[in-house]
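First comes the structure, then the notes that go with it.
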Amino acid sequence: MERCKVIRLLIGRLILKQRLKRVRRQKKFNNLRNAHKIGIVWDGTNTDDFEAVSAFYQDMLKINIQVDIVCYYPKTILPDKYTAIRYLTCIKKTDLNFFCIPGSDDIDEFINTPYEILIDVNNNNHFPLKFISLLSRAEFKVGPGNSDYKDKLDMTININRKNDLVYYLQQVKLYLEMINTSK
């Protein structure tokens, strides 16, 4: 069974590689002062991280930045706290096709939305989140330095505190505020 999953994932990676050849995005340095719309791709495996993501969402709302969040939960039934939240789109194991590729209109819309900033919070390197992040049309992509696709991100942030989402999001915010976009 495990061998079958590895083969399906390998084919999924090949499909991603082919789609990446067709992706054209306008790369641009963006900071929080100039951003109006941010996308977040989040690994929802640890349900305790939900509070950190929600707090970050609230912080962005205070400075008039619209935030859309895609969450991947690697089980079949979502926790109650992930349901009925309008800014959070959750995908679970049953929402993936045979090759572990997420397929829904919400995900396609997220991928095709030209966010000024995409924040990748995929600490466990889940393929469905990698798929969404890499195909995203976002102008500026930020992610963790330990990801296996960090060369495809525009900025990576290395932190020693593994799985400390609050600290990671603080660092993302700090560095996005520091970026100078003036010419």
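Per my numbering: the sequence shown = residues 12 to 194. Idealized CB from N, CA, C, for every residue including glycine.
T192 has its alpha-carbon roughly 32 angstroms from the corresponding atom of G55. Between N41 and F151, the gap from beta carbon to beta carbon is short of 7 angstroms.
Across the structure, D79 and F67 are spaced so that their CA atoms are roughly 12 angstroms apart.
Three or more beta-carbon pairs separated by less than 8 angstroms link the stretch 19–38 to the stretch 127–146, which places the two stretches in contact. V52 is not a Cβ neighbour of V34, given a cutoff of 7 angstroms. Taking the CA atoms as reference points, Y178 sits about 15 angstroms from N157. About 11 angstroms separates the beta carbon of F138 from that of I22, a gap too long to meet the 8 angstroms contact definition.
In summary, P90 is exposed, with fewer than 16 beta-carbon neighbours lying within 10 Å of its beta-carbon over all protein chains present.
Assignment of D116 by DSSP, reduced to helix, strand and coil, places it in the helix class. If you ignore the 5 residues before and after R36, its C-beta comes within less than 6 angstroms of the C-beta of R148, all in its own chain and listed in chain order. Distances from the CA of L180 to each of A63, V17, I49, K16 were compared; the closest alpha carbon is that of A63.
Going by DSSP, Y84 is part of the beta strand (DSSP E) stretching over 77–84.
Taking the Cα positions, F142 is about 30 angstroms away from K73. Excluding sequence positions up to five before and after N135, its CB lies within less than 8 angstroms of the CB of D54, T56, all in the same chain and listed in chain order. Considering only K104, K16, I49, the residue with the shortest C-alpha distance to P125 is I49.
With a threshold of 16 other beta carbon atoms within 10 Å, I128 meets it and is buried. Secondary structure at T124: coil, using DSSP grouped into helix, strand and coil. Excluding five sequence positions before and after M71, the CB atoms of its chain that fall closer than 7 angstroms to its own CB belong to I49, V78, given in chain order. Per DSSP, I18 is one residue of the alpha helix (DSSP H) stretching across 13–33.
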